[in-house]
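Everything on this sheet refers to the single structure shown next.
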Amino acid sequence: MSERRTRALLAALSVAGLLVSAYLTWSHLQGVAPACVGGSGGCEAVQTSRYSQIVGIPVAALGLAGYAGLLVSALIKGEGGIFFGLFVALVGVLFSAYLTWLELFVIGAVCQWCVVSAVLMVWSLLLAALRVKRLQSRWT
Amino acid sequence: MTRQKSSSPNQRRFDLLLVGVVSLAAVTVAFLAWLSETGVGGGTVLEGGAEAQELLAGIPQSGTTLGEEDAPVTILLYEDFQCPACTQFLRETFPDLVERHVEPGEVRVVSQTLAFLGPASISTGMAALAAGQQDRYWNYAALLFLNQGPENSGYATDEFLMDLANETRGLYVDRWNKARTSGSVESELEAVESRARADEVSSTPTLVVSGPGGERKLVGAVPIDEVETAIEDVGAS
Numbered sequence: 004m005s006e007r008r009t010r011a012l013l014a015a016l017s018v019a020g021l022l023v024s025a026y027l028t029w030s031h032l033q034g035v036a037p038a039c040v041g042g043s044g045g046c047e048a049v050q051t052s053r054y055s056q057i058v059g060i061p062v063a064a065l066g067l068a069g070y071a072g073l074l075v076s077a078l079i080k081g082e083g084g085i086f087f088g089l090f091v092a093l094v095g096v097l098f099s100a101y102l103t104w105l106e107l108f109v110i111g112a113v114c115q116w117c118v119v120s121a122v123l124m125v126w127s128l129l130l131a132a133l134r135v136k137r138l139q140s141r142w143t
Numbered sequence: 003m004t005r006q007k008s009s010s011p012n013q014r015r016f017d018l019l020l021v022g023v024v025s026l027a028a029v030t031v032a033f034l035a036w037l038s039e040t041g042v043g044g045g046t047v048l049e050g051g052a053e054a055q056e057l058l059a060g061i062p063q064s065g066t067t068l069g070e071e072d073a074p075v076t077i078l079l080y081e082d083f084q085c086p087a088c089t090q091f092l093r094e095t096f097p098d099l100v101e102r103h104v105e106p107g108e109v110r111v112v113s114q115t116l117a118f119l120g121p122a123s124i125s126t127g128m129a130a131l132a133a134g135q136q137d138r139y140w141n142y143a144a145l146l147f148l149n150q151g152p153e154n155s156g157y158a159t160d161e162f163l164m165d166l167a168n169e170t171r172g173l174y175v176d177r178w179n180k181a182r183t184s185g186s187v188e189s190e191l192e193a194v195e196s197r198a199r200a201d202e203v204s205s206t207p208t209l210v211v212s213g214p215g216g217e218r219k220l221v222g223a224v225p226i227d228e229v230e231t232a233i234e235d236v237g238a239s
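Those protein sequences? They're chains L and C, same order as listed.
According to my numbering, the residues represented by the first sequence are 4 to 143, in order.
According to my numbering, the residues represented by the second sequence are 3 to 239, in order.
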């Protein structure tokens, strides 16, 4: 896959992530349950848990910032964009893993939107890693 | 040849950048996770959260009502969140009442929140009624009772009430926080006071059990046997 195509795909994933995070941030701030397939029970339990915000900031809003960062990284050519993208995607995947652990073993409920976000982050990390790999071969 | 390649300045710079980015990402996530664990609430150690939520799971709630709306028997439960006998009732009688009679749809329990033991009764009562606006009254009330402090000792701080809200499954805390000081919640408390006078309730807990067969009043932290007898008495038409 070409660098241009990789960046375009990363930008597309970021936009999808931005939409998911924006919806979850909106529902958190409005105090309504996100729409989920088969009922909102899991999403509502996660969205209203004590872990749904960090020092008063909705976790979904952190996701918004993360995906915005990924989008910026996709728009920047060269090593700055590549390493920044890797950093954001790594933080996104590791933090998603932590949140998934909370959902499964602490909150006891799973939110489908969070799963979608986690999957988007994993794919973003794969693309970010591909850009890094390509840079490495150029440098050495 | 390989050794020369791996130690080239470009490769060294690349390795350094990669290690730096990965380390920074790990530190960032560790910091976020630490904030997530410690940065919420005031650190009140709560009791009974999981048990209370489990007991109430799947049972319909509407405002301060627990159980099916068309249940043949209704129990008005007059209680004050600072009353130790109410906590005793919740611990010793309530779980059996819920499992044996509310869950099967035979009884619905309507909490009547009284606030006569002091200022903390008012703040806790309003907090629970605000949770009721999201149909989470019973989850919040159970937490209040299970974490009850000595009467008017100042335990029911805003931070304490907020910690309970954070622990209440399905409760939108921001919405609850706005509602708990609202006029509508205050009017609800006043309405219960009038009802208590009409039912001649002078202490808590008091249960007014009514059904097609009449009405029975039980006073104090009565055992489940007494409640069941009253349910049988009023349930028969």
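Glycine included, each C-beta is placed from N, C-alpha and C at the ideal position.
On a predicted model such as this, the values are computed, not experimentally measured, just so you know.
Cutoff 9 angstroms: residue i Cβ touching any chain L Cβ
i: residue 160/C; result: no
i: residue 133/C; result: no
i: residue 13/C; result: yes
i: residue 234/C; result: no
i: residue 27/C; result: yes
i: residue 168/C; result: yes
i: residue 176/C; result: yes
i: residue 30/C; result: yes
i: residue 10/C; result: yes
i: residue 171/C; result: yes
i: residue 83/C; result: no
i: residue 87/C; result: no
i: residue 193/C; result: no
i: residue 21/C; result: no
Start-to-end residues for the beta strand (DSSP E) that takes in residue i
i: residue 116/C; result: Taken as a continuous stretch (DSSP letters only), residue 116/C belongs to no beta strand (DSSP E), as it is neither H nor E.
i: residue 80/L; result: Here residue 80/L belongs to no beta strand (DSSP E), and DSSP marks it neither H nor E.
i: residue 212/C; result: 208-213
i: residue 102/C; result: Counting along the chain, residue 102/C falls outside any beta strand (DSSP E), and DSSP gives it neither H nor E.
i: residue 221/C; result: 216-221
Within-9 angstroms CB hit, residue i to chain C
i: residue 135/L; result: yes
i: residue 77/L; result: no
i: residue 130/L; result: no
i: residue 90/L; result: yes
i: residue 115/L; result: no
i: residue 97/L; result: yes
i: residue 47/L; result: yes
Exposure of residue i, with buried meaning 16 or more beta-carbon neighbours within 10 Å
i: residue 22/C; result: exposed
i: residue 213/C; result: buried
i: residue 81/L; result: exposed
i: residue 126/C; result: buried
i: residue 199/C; result: exposed
i: residue 60/L; result: exposed
i: residue 33/L; result: exposed
i: residue 33/C; result: exposed
i: residue 22/L; result: exposed
i: residue 53/L; result: buried
i: residue 83/L; result: exposed
i: residue 36/C; result: exposed
i: residue 62/L; result: buried
i: residue 44/C; result: With a pLDDT of only 47 at residue 44/C, under the threshold of 50, the placement of this residue in the model should not be trusted; the figure read from the coordinates follows. Exposed, because fewer than 16 other Cβ atoms sit within 10 Å of the Cβ of residue 44/C.
Contact check, residue i vs residue j, beta carbons under 9 angstroms
i: residue 81/C; j: residue 116/C; result: yes
i: residue 119/C; j: residue 154/C; result: yes
i: residue 217/C; j: residue 210/C; result: yes
i: residue 110/C; j: residue 173/C; result: no
i: residue 142/C; j: residue 151/C; result: no
i: residue 83/C; j: residue 122/C; result: yes
i: residue 99/L; j: residue 24/L; result: no
i: residue 4/L; j: residue 69/L; result: no
Range of the contiguous alpha helix (DSSP H) that encloses residue i
i: residue 145/C; result: 139-148
i: residue 51/L; result: Neither: residue 51/L is in no alpha helix (DSSP H) and is coded neither H nor E.
i: residue 226/C; result: 226-237
i: residue 75/C; result: Residue 75/C -> not in any alpha helix (DSSP H); beta strand (DSSP E) instead, spanning 75-81.
i: residue 121/L; result: 115-142
i: residue 172/C; result: It is not in any alpha helix (DSSP H) - residue 172/C carries neither H nor E in the DSSP assignment.
i: residue 33/C; result: 11-40
i: residue 26/L; result: 6-33
i: residue 185/C; result: 185-200
i: residue 91/C; result: 86-94
Any non-hydrogen atom of the ligand PLP within 8 angstroms of residue i CB
i: residue 143/C; result: With respect to small molecules bound, the structure shown includes none, and the ligand PLP cannot be examined in it.
Integer Cβ distance of residue i from residue j, believed to fall under 8 angstroms
i: residue 54/C; j: residue 148/C; result: 6 angstroms
i: residue 16/L; j: residue 126/L; result: 6 angstroms
i: residue 178/C; j: residue 63/C; result: Residue 178/C to residue 63/C, Cβ: 14 angstroms. No contact.
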